[in-house]
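The structure appears right after this line, and notes come after that.
In UniProt numbering, the protein residues as written are 1 to 722.
Laid out in structure tokens, this is it:
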């Protein structure tokens with residue numbers, strides 16, 4: 001018996017259980033396959049081959065639910081990434097070591113069958129799934145069309161090299177390849193190099209990060225494979241790179257005209273390696289974004305290259321050797337560079353003297369827009385001199401500073417400097433009580449208001465907090481608001497916060513950080529989001545969820561029509577609360593991304609959440625089909641009509657088409673016009689046009705096109721039932 005061309009070999013299974021010592025006999029496999037077929041035939045489905053072609057999508061796209069129900073128990077799901085294009089993903093969940101053997105074999109068999117489908121282009125598997133069923137790796141080579149592959153061991157170092165090499169051996173169409181947290185011996189390195197060479201003609205993104213025990217011999221082998229990848233746009237290699245390998249990185253930088261993003265975190269601990277890389281950036285290259293985090297080598301050669309480099313726009317030097325004499329080179333580079341827009345210097349041990357040098361450079365630099373100096377060691381002197389520069393430099397729109405080294409008695413000095421420089425819209429700091437009156441005033445003026453605002457309201461006086469929230473309610477510049485609250489309910493503050501969220505029309509992202517007693521903020525936010533129509537992303541960071549807070553959040557999710565992303569971070573959700581939230585999400589057709597804390601258990605509630613997300617993503621893709629006119633059915637028109645004002649539709653349309661915001665808006669307007677012009681045909685009222693029997697009175701079929709358009713403006717596609 002075969003399934004989509006997959007024939008189980010005698011005495012073996014298509015995917016052996018990682019916890020079983022021996023493979024199951026052929027009779028067992030055939031029994032399981034027969035049981036699967038019987039189960040799907042009851043749903044009028046079968047394990048048929050892929051039917052996708054240039055003119056039609058695969059039948060599987062419209063029938064994902066029964067397959068996802070079967071493989072959900074092993075933390076895997078099939079997702080429609082784009083219209084007609086599927087991906088197989090593992091998801092975060094509680095590791096279950098007590099799954100029945102039948103469930104593991106069934107899921108492995110379905111996985112193997114799925115990878116035979118041409119419509120399945122993406123595979124993302126994380127550590128727990130690979131540990132549970134290492135033979136999933138074998139079936140990767142069966143796929144004729146895998147274009148995006150991500151394997152993340154992420155802390156688990158157990159993987160069968162033979163299986164992984166065999167699985168990778170047949171992949172020939174990869175466009176992106178990511179490998180995270182894996183032990184890489186030389187045999188694996190050689191397999192990866194061969195993979196890179198085979199796919200060099202179309203690989204655009206390659207990432208090796210947090211991998212363990214990678215020798216320089218293996219690094220050199222992988223780098224030789226990368227040299228063949230002339231179409232790369234993004235490369236991440238976050239492992240130590242010594243001079244010989246760095247020469248190959250430099251060659252890639254100099255020779256590639258498409259490489260825009262390069263990440264070398266934890267890679268540059270050797271002065272010679274840094275000098276080699278720096279010379280590559282002195283000449284012509286295409287790299288616009290560079291990450292050199294945790295660089296312990298001397299950056300002096302690179303800063304000299306930065307003086308003449310005109311291409312690099314974003315530079316991240318987090319945790320790098322920038323303080324002391326190195327700051328002189330950076331300051332000189334900033335004074336001369338004309339291309340850099342974003343610079344990140346987080347946790348670089350910068351002190352007051354270093355900040356003064358940077359301030360001198362910022363007095364003449366007129367291209368840098370964002371500078372992140374968080375978690376450094378400067379005190380009042382360094383912070384004040386930087387804020388003073390902002391009074392002159394209005395090109396720098398965002399300066400992030402940490403003020404935890406400033407003593408309480410010194411804080412009024414910084415407050416006075418902020419007021420003199422009128423830079424409230426340019427600086428991001430931990431606001432103190434003395435800052436709030438001027439900050440509240442700044443929020444009323446478009447020229448001085450910040451776009452990102454963070455407030456620790458539990459430590460600030462009620463009168464000032466209320467004044468801030470009153471200003472936020474009418475502000476139209478803030479796009480991100482972060483609120484921290486660790487105290488018991490303060491009804492006055494909560495009421496002011498409620499009015500701010502209800503009244504504001506510019507905030508797109510709301511981030512709440514709650515302590516054990518901060519649940520009242522969650523309750524208030526949930527009530528406000530029932531009325532707010534602009535917040536698209538909600539992140540809630542807490543250690544525990546209260547019953548009352550969970551009830552209000554679930555109720556809000558059932559009613560809200562604007563949110564598209566909800567994240568519950570750093571929290572373990574109790575099963576009872578998981579059920580409540582899942583029921584709320586089941587009624588929501590707009591959230592397409594939902595993360596429920598730390599590794600939630602696999603149960604009916606988790607399945608309900610994933611089915612809701614799959615339904616909503618499918619709705620977005622149906623709307624995209626209508627906008628692109630690949631499917632103008634009533635079903636797709638209704639999806640477009642429902643999501644017309646939803647940000648997820650515009651985002652997905654931009655992703656699928658590669659169009660800019662203005663072009664996306666024009667496409668959405670055109671789709672709305674198409675409905676008005678073809679309303680009766682789309683809804684199935686008429687087949688082609690309205691025709692009346694001949695008569696003496698004025699006939700409705702004599703109405704011109706503009707009349708029909710005017711009538712359609714008062715109707716919805718969903719008004720026609722059937």
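Positions of the beta carbon are idealized from the N, C-alpha and C atoms, including for glycine.
CA-to-CA distance, residue j to residue i, given in whole angstroms
| i | j | result |
| --- | --- | --- |
| residue 458 | residue 572 | 24 Å |
| residue 487 | residue 546 | 14 Å |
| residue 570 | residue 544 | 9 Å |
| residue 714 | residue 688 | 21 Å |
| residue 64 | residue 295 | 46 Å |
| residue 203 | residue 121 | 14 Å |
| residue 271 | residue 300 | 10 Å |
| residue 224 | residue 186 | 13 Å |
| residue 709 | residue 34 | 55 Å |
| residue 530 | residue 52 | 41 Å |
| residue 74 | residue 611 | 15 Å |
| residue 649 | residue 643 | 6 Å |
| residue 170 | residue 195 | 9 Å |
| residue 682 | residue 634 | 5 Å |
| residue 85 | residue 172 | 18 Å |
Element boundaries [beta strand (DSSP E), containing residue i]
| i | result |
| --- | --- |
| residue 615 | No beta strand (DSSP E) holds residue 615; the alpha helix (DSSP H) holding it covers 604-628. |
| residue 485 | 480-485 |
| residue 209 | 205-209 |
| residue 263 | 261-263 |
| residue 398 | 398-401 |
| residue 302 | Looking at the DSSP string, residue 302 is not in any beta strand (DSSP E); the run it does join, the alpha helix (DSSP H), is 300-308. |
| residue 355 | Taken as a continuous stretch (DSSP letters only), residue 355 belongs to no beta strand (DSSP E), being part of the alpha helix (DSSP H) at 352-362. |
| residue 454 | 452-456 |
| residue 152 | 148-152 |
Beta-carbon separation (whole angstroms), residue i vs residue j, contact threshold 8 Å
| i | j | result |
| --- | --- | --- |
| residue 67 | residue 88 | Not quite, the Cβ-Cβ distance comes to about 10 Å (not below 8 Å), so this is no contact. |
| residue 591 | residue 79 | Contact flag wrong, Cβ pair sits at about 15 Å. |
| residue 258 | residue 286 | 6 Å |
| residue 361 | residue 390 | Between residue 390 and residue 361 the Cβ distance is about 14 Å, and since that is not below 8 Å, they are no contact. |
| residue 466 | residue 496 | 4 Å |
| residue 367 | residue 341 | 7 Å |
| residue 468 | residue 439 | 7 Å |
| residue 449 | residue 432 | Not confirmed; about 19 Å, so no contact. |
| residue 428 | residue 399 | 7 Å |
| residue 509 | residue 534 | Between residue 534 and residue 509 the Cβ distance is about 10 Å, and since that is not below 8 Å, they are no contact. |
| residue 177 | residue 219 | Going by Cβ atoms, the distance from residue 177 to residue 219 rounds to 16 Å, so no, they are not a contact pair. |
| residue 349 | residue 377 | 6 Å |
| residue 106 | residue 70 | 6 Å |
Closer than 7 Å: residue i CB and nearest the ligand NAP heavy atom
| i | result |
| --- | --- |
| residue 122 | The ligand NAP is absent from the structure shown, which contains no ligands of any kind. |
Residue environment, residue i, which counts as buried when at least 16 other CB atoms sit within 10 Å
| i | result |
| --- | --- |
| residue 652 | buried |
| residue 369 | exposed |
| residue 10 | With a pLDDT of 38 at residue 10, under the threshold of 50, the modelled position of this residue cannot be trusted; read the value that follows with caution. The residue in question, residue 10, is exposed, as its Cβ has fewer than 16 Cβ neighbours within 10 Å. |
| residue 660 | exposed |
| residue 21 | Model confidence at residue 21 stands at a pLDDT of 37, short of 50, so the residue's coordinates are unreliable and nothing is read from them. |
| residue 329 | buried |
| residue 404 | exposed |
| residue 584 | buried |
| residue 54 | exposed |
| residue 691 | exposed |
| residue 425 | buried |
| residue 446 | exposed |
| residue 600 | buried |
| residue 443 | buried |
| residue 43 | exposed |
Residue i and residue j closer than 8 Å at C-beta
| i | j | result |
| --- | --- | --- |
| residue 314 | residue 351 | no |
| residue 211 | residue 240 | no |
| residue 608 | residue 586 | yes |
| residue 711 | residue 72 | no |
| residue 190 | residue 221 | yes |
| residue 346 | residue 318 | yes |
| residue 161 | residue 188 | yes |
| residue 242 | residue 273 | yes |
| residue 199 | residue 174 | yes |
| residue 578 | residue 556 | no |
Span of the alpha helix (DSSP H), counted from its first residue to its last, around residue i
| i | result |
| --- | --- |
| residue 170 | Neither: residue 170 is in no alpha helix (DSSP H) and is coded neither H nor E. |
| residue 236 | Premise fails: residue 236 lies in the beta strand (DSSP E), 234-238, not in any alpha helix (DSSP H). |
| residue 574 | From DSSP, residue 574 is part of no alpha helix (DSSP H); its letter is neither H nor E. |
| residue 316 | Element bounds for residue 316: not the alpha helix (DSSP H) but the beta strand (DSSP E), 314-316. |
Residue i at chain E interface by Cβ criterion, 8 Å
| i | result |
| --- | --- |
| residue 657 | Annotation note: the requested chain E is absent from the structure, which comprises a single protein chain. |
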